[in-house]
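Numbering (this note's numbering), first residue to last: 1024 to 2049.
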């Protein structure tokens, strides 16, 4: 009977501590719901009843009135909300203080556990007053949170509020009864979930991994302690409805032990729960605890190991090649780089790649590094810190490649950041080769000022604006050129179905052609370029594009493409070939007049033993030789491509100028560009009333999308190749820029000294504006965009360019065949029985490559080409599309052979060299007129790219009418070098679309409608009838 009485008393005591908490919680919840209901009823009655009665009277004061008390309450709640969110210093202190007091209350709970040698329902507590003081502060903090909460109901049901409901009232009951009860005070452990937030306030955790690690530990520890406290409570008290009591004496430590065994699924069985409440709790806890424990351990181990690995140092092994990649290290840039780099190496990976990132990788990027773990490693650090450069062994690296974010909304900041990385690298590792990507060409001026930056040792710049706009400009004169050069310079992944289709169309043979560099045989010394070019084509089945001519005492060099007959081949001259592989090009070095003059089969030309020959050294040895032989004299590095620096002694006899017309041409101070006096903006601005606009014919239309705040495209890089001095003055086409006047006037400052430029304020999305600039009579159209659309969908970043392209296409009208021949310089366009349409060559810049699907004509329904490869057969081969993805591939290509980049820059910029670019930038990005007595013959003797039809003079005397015969005849008669075809697609082809054939086979039968990609000497006008 006494035991039953004790049990009943104990139950009453527990209820005395629990009921106040339930009363406060449920009472407050009921009050909030009633208040919400009353407010809703009041608003409904006001709007539906009173509004009808006083519709025509100005007595709507209950709704209009805004008492000042409500305003001050709102201000007070806003200030409290700012303080609780730690946006002020006082708020930060308050949040930290609350957290520390919660930890203190939890420590008091553990002290009381230790003092209770034998479990009792209640016992005197010596530190009860301290605990009461803590909870008084918690009550005040709760009130502040309640006032600041916008949604009272949500606040009432959140976790921190529930902790306060079941911990604060029992403490005041204990103070009133002068008796303590352990009860639910273990819930204070849930306040440990605030630890990650506090650590961020104190700036102890700054990076993603430390924050994530602190959150994992906070969740794990708070769950562990809370679950142990609940089991301790129910096991020591037993089930209230069971008599006699089924409780057991279980310490808090054993409860923690039991929870850990449960979460880890070990379950020794030495400690078990006996109560129904305890077993019910374990049933649900084991599900959540198992998930928590299973995720917690692997994530913690992974975070610790990855952080340890990312902060480690690279162990340099003698003889092992490796490169360091830094700058814009993101998922997209890393994936693109690895694909291009490994494709260049043809799956024979012998170079390790070290990525140096300034932020820890995301989970997706980590997955990429794990997939490529055999040859790619990530290191956390910055190229601006010397200790991080030392960790990755920058001084011993083969090269450092710096990636740029092409789509950055602030290109100047992106470029200067990468230039600072170059400065840091060169200061610590002066002999390390650096290949840099920059966005705007005007930022190149800073690089020559960096100590130890030297073009001759392989340091290279890949300027996106210069190359991209140069490609598009050349495509306006030579449609399809961008696709042709892409096929020749960039290694592409094979697709069997695509290859089968292309083989049937005679686009390719068994392999892709590419540009390969190798040293020419010394037996070619003393011969002209045309003689060597013909010999290589006839005997070796190779097309020689150009040579690298060395001159001067310090190893200066110039890249000459199809140079004139006055320039002779020297010993140890490097040649640029179009071939299948390096093995084929080596025959050009093995060739011997004594042994191979009578051999017709190129496969029989092998290295002979009649005399010793110099073997081509690896590129790394060449760099070492350049560094050892270079004498630093404080002068700037010399150019590797043809610019205004080639001495006149190498061009004996000059060139055949254009007589009186050429003598009147005004060039800039470098002799590389046509020049005129600065044209005021208003004089160059066209409108519908001008007489000039209707007379525009055979001009180049450039549609520009940009506004006053858009980053500059750099139209100077577009204009310079079209105003190069290797064009005769009457060959220059008028260029009309159509776009926002606010944007064009910003660009006009640097292009006002080029002749034949016009501006028109309008938009390519307007048909009226397009008709005003005679789009139907233009020779070519280019669409450029400077707008950086902040869209998460890549398909929307090129919206304006795509819509403008479709708009211009819709304006292509029908023309007679005679008019077509006049517009295209007597180029026949196939079947004359079908109606002919004038096809305006449009080159569209796309920031996202997959968007080509929106502007490419769909292939026929019976096409065998997979959908992912259809882009190759529509817009791309026609030269109508240019994407930044091509420029991204140049980084890997430049690492393996920096001469290829120099050749490409020479082709697309009409011979502009790096040194010349520096000279232009030093002049303030504006051209200056040259003195009248200055001679620019050397700089003008540069070939130009052209797209020529098959003329009668080329076909006269040709027996088989094959590409090989046309190639030899054009080379012999005019010195024209042919290296590609632009052929009409098969019928039905109403728009007369064409595709590109890179390096046609020698026996390929020519069609009357074929157009030839050629390198034409300066003294031959492309408008002449050859």
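Note that the Cβ used here is the ideal one computed from N, Cα and C, for glycine as well.
Handout entry: Cβ neighbour criterion (16 or more within 10 Å) applied to residue 1192
Key = Counting from one through the chain shown, the residue named residue 1192 turns up at place 169. Result: buried.
Exercise for the section: Give, in chain order, every unbroken run of the beta strand (DSSP E) that is at least 3 residues long and sits entirely within the stretch 1338-1394. Expected result: 1344-1350, 1374-1380
Practice task
Using 10 angstroms around the beta-carbon of residue 1720, count the other beta-carbons present and answer buried if the total reaches 16, otherwise exposed.
Solution key: In the chain shown, residue 1720 corresponds to position 697, counting from 1. It is exposed - the Cβ of residue 1720 has fewer than 16 other Cβ atoms within 10 Å.
Practice task
Assign residue 1301 to one of two classes, buried (16 or more other C-beta atoms within 10 Å of its C-beta) or exposed (fewer than that).
Solution key: The sequence position of residue 1301 within the chain shown is 278, counting from 1. Residue 1301 should be labelled buried.
Exercise for the section: With DSSP as the reference, label residue 1291 as helix, strand or coil. Expected result: Stepping through the chain shown from its first residue, residue 1291 is reached at position 268. Coil.
Practice task
Starting from residue 1434, follow the alpha helix (DSSP H) in both directions and report where the run begins and ends.
Solution key: The residue you call residue 1434 lines up with position 411 of the chain shown. Counting along the chain, the alpha helix (DSSP H) containing residue 1434 begins and ends at 1434-1451.
Problem - Nearest-angstrom Cβ-Cβ length linking residue 1222 and residue 1237, presumed shorter than 8 Å - result: One-based indexing of the chain shown puts residue 1222 at position 199. One-based indexing of the chain shown puts residue 1237 at position 214. With 8 Å as the limit, residue 1222 and residue 1237 qualify as a contact, their Cβ atoms being about 5 Å apart.
Handout entry: Between the CA atoms of residue 1190 and residue 1212 - distance to the nearest angstrom
Key = Sequence index remark: in the chain shown, residue 1212 carries index 189 (1-based). Sequence index remark: in the chain shown, residue 1190 carries index 167 (1-based). Each residue's alpha carbon lies about 11 Å from the other.
Exercise for the section: Output the distance between the C-alpha atoms of residue 1867 and residue 1807, rounded to the nearest integer angstrom. Expected result: The residue labelled residue 1867 in the question sits at position 844 within the chain shown. The residue labelled residue 1807 in the question sits at position 784 within the chain shown. Distance between the alpha carbons of residue 1867 and residue 1807 is about 7 Å.
Exercise for the section: Please list, in chain order, all residues of the same chain as residue 1294 whose beta carbon is under 8 Å from its beta carbon, the five residues on each side excluded. Expected result: By 1-based counting over the chain shown, the position of residue 1294 is 271. Within the same chain, residue 1294 has close Cβ partners 1273, 1277, 1280, 1281, 1284.
Exercise for the section: Use the C-beta contact count for residue 1493: other C-beta atoms within 10 angstroms, 16 or more gives buried, fewer gives exposed. Expected result: Here residue 1493 refers to the residue found at position 470 when the chain shown is read from its first residue. When all chains shown are included, residue 1493 counts as buried.
Exercise for the section: Return yes when the Cβ of residue 1987 is within less than 7 Å of the Cβ of residue 1553, no when it is not. Expected result: Working through the chain shown from its first residue, we reach residue 1553 at position 530. Working through the chain shown from its first residue, we reach residue 1987 at position 964. Result no, Cβ atoms of residue 1553 and residue 1987 do not sit closer than 7 Å.
Handout entry: Boundaries (first-last residue) of the beta strand (DSSP E) holding residue 1801
Key = For the purposes of this step, residue 1801 is taken as the residue at position 778 of the chain shown. Where residue 1801 is concerned, there is no enclosing beta strand (DSSP E), given that its DSSP letter is neither H nor E.
Problem - residue 1696 versus residue 1484 - alpha carbon distance - result: Here residue 1696 refers to the residue found at position 673 of the chain shown. Here residue 1484 refers to the residue found at position 461 of the chain shown. If I take the Cα positions, the gap works out to 22 Å.
Exercise for the section: For the stretch 1532-1588, list the alpha helix (DSSP H) runs that are entirely contained and at least 4 residues long, ordered along the chain. Expected result: 1552-1563
Problem - C-beta neighbour in chain C for residue 1499, strict 7 Å - result: Checking the listed chains, one finds no chain C in this structure; it contains a single protein chain.
Practice task
Starting from the C-beta of residue 1564, find all residues in its chain whose C-beta is less than 7 Å away, skip the five residues before and the five after it, and write them out in chain order.
Solution key: Looking up residue 1564 in the chain shown gives position 541. Taken in chain order, the residues that qualify are 1625, 2025.
Exercise for the section: For the beta strand (DSSP E) containing residue 1418, list its first residue and its last residue. Expected result: Locating residue 1418 in the chain shown gives position 395, where the first residue counts as 1. Premise fails: residue 1418 is in no beta strand (DSSP E) and is neither H nor E.
Practice task
Check residue 1834 in the structure and name its three-state DSSP category.
Solution key: Position 811 of the chain shown holds residue 1834. Coil at residue 1834, not helix or strand.
Problem - As assigned by DSSP and simplified to three states, the class of residue 1725 - result: Locating residue 1725 in the chain shown gives position 702, counting from the first residue. In this structure, residue 1725 counts as strand in the three-state DSSP scheme.
Handout entry: DSSP-derived helix/strand/coil call for residue 1483
Key = Translated into positions along the chain shown, residue 1483 becomes position 460. Here residue 1483 sits in strand by DSSP.
Practice task
Starting from the Cα of residue 1316, find the closest Cα among 1338, 1287, 1333 and give me that residue.
Solution key: The count along the chain shown starts at 1 and reaches residue 1316 at position 293. The shortest C-alpha separation from residue 1316 is found at 1287.
Handout entry: residue 2005: CB within 6 Å of a non-hydrogen atom of the ligand ZN
Key = Because no ligand of any kind appears in the structure shown, any question about the ligand ZN cannot be addressed here.
Problem - Proximal residues to residue 1797 (C-beta, below 6 Å), its chain only, five neighbours per side dropped - result: Here residue 1797 is taken as the residue at index 774 of the chain shown, counted from 1. Answer for residue 1797: 1719, listed in chain order.
Handout entry: the stretch 1700-1708 / the stretch 1733-1743 touching (three or more Cβ pairs under 8 Å)
Key = no
Exercise for the section: State buried or exposed for residue 1140, treating a residue as buried only when at least 16 other CB atoms are found within 10 Å of its CB. Expected result: Here residue 1140 corresponds to residue number 117 of the chain shown, with the count starting at 1. The predicted model places residue 1140 with a pLDDT of 49, which falls under 50 and marks its position as unreliable; any figure quoted below should be read in that light. Per the 10 Å Cβ criterion, exposed.
Exercise for the section: Could you tell me the distance, in whole angstroms, from the CA atom of residue 1755 to the CA atom of residue 1792? Expected result: Your numbering for residue 1755 matches position 732 in the chain shown. Your numbering for residue 1792 matches position 769 in the chain shown. Spanning the two alpha carbons is a distance of roughly 24 Å.
Exercise for the section: Give a yes or no on whether the C-beta atoms belonging to residue 1996 and residue 2037 are separated by under 7 Å. Expected result: The count along the chain shown starts at 1 and reaches residue 1996 at position 973. The count along the chain shown starts at 1 and reaches residue 2037 at position 1014. Contact: no.
Exercise for the section: Determine the burial state of residue 1731: buried for a count of at least 16 other Cβ atoms within 10 Å of its Cβ, exposed for fewer. Expected result: Working through the chain shown from its first residue, we reach residue 1731 at position 708. Exposed: under 16 other Cβ atoms inside 10 Å.
Problem - Among 1489, 1419, 1816, 1481, the one whose alpha carbon lies nearest that of residue 1921 - result: Sequence index remark: in the chain shown, residue 1921 carries index 898 (1-based). Of the candidates 1489, 1419, 1816, 1481, the one whose C-alpha sits nearest the C-alpha of residue 1921 is 1481.
Problem - Backbone CA spacing between residue 1206 and residue 1338 [nearest angstrom] - result: For this step, residue 1206 is matched to residue 183 along the chain shown. For this step, residue 1338 is matched to residue 315 along the chain shown. Cα-Cα distance, rounded: 58 Å.
Practice task
With a threshold of 16 other CB atoms inside 10 Å of the CB of residue 1342, please say whether the residue is buried or exposed.
Solution key: Here residue 1342 is taken as the residue at index 319 of the chain shown, counted from 1. Residue 1342 should be labelled exposed.
Practice task
Consult DSSP for residue 1872 and reduce its assignment to one of helix, strand or coil.
Solution key: Residue 1872 sits at position 849 when you count from the first residue of the chain shown. Three-state result, residue 1872: helix.
Practice task
State buried or exposed for residue 1539, treating a residue as buried only when at least 16 other CB atoms are found within 10 Å of its CB.
Solution key: One-based indexing of the chain shown puts residue 1539 at position 516. Counting Cβ neighbours within 10 Å, residue 1539 comes out buried, since at least 16 surround it.
Exercise for the section: Answer with buried or exposed for residue 1834, where buried requires no fewer than 16 other C-beta atoms within 10 angstroms of its C-beta. Expected result: As a position in the chain shown, residue 1834 is number 811, starting the count at 1. Flag for residue 1834 reads exposed.
Practice task
Return the residue from the list 1251, 1229, 1297 that minimises the CA-CA distance to residue 1262.
Solution key: Looking up residue 1262 in the chain shown gives position 239. It is 1297.
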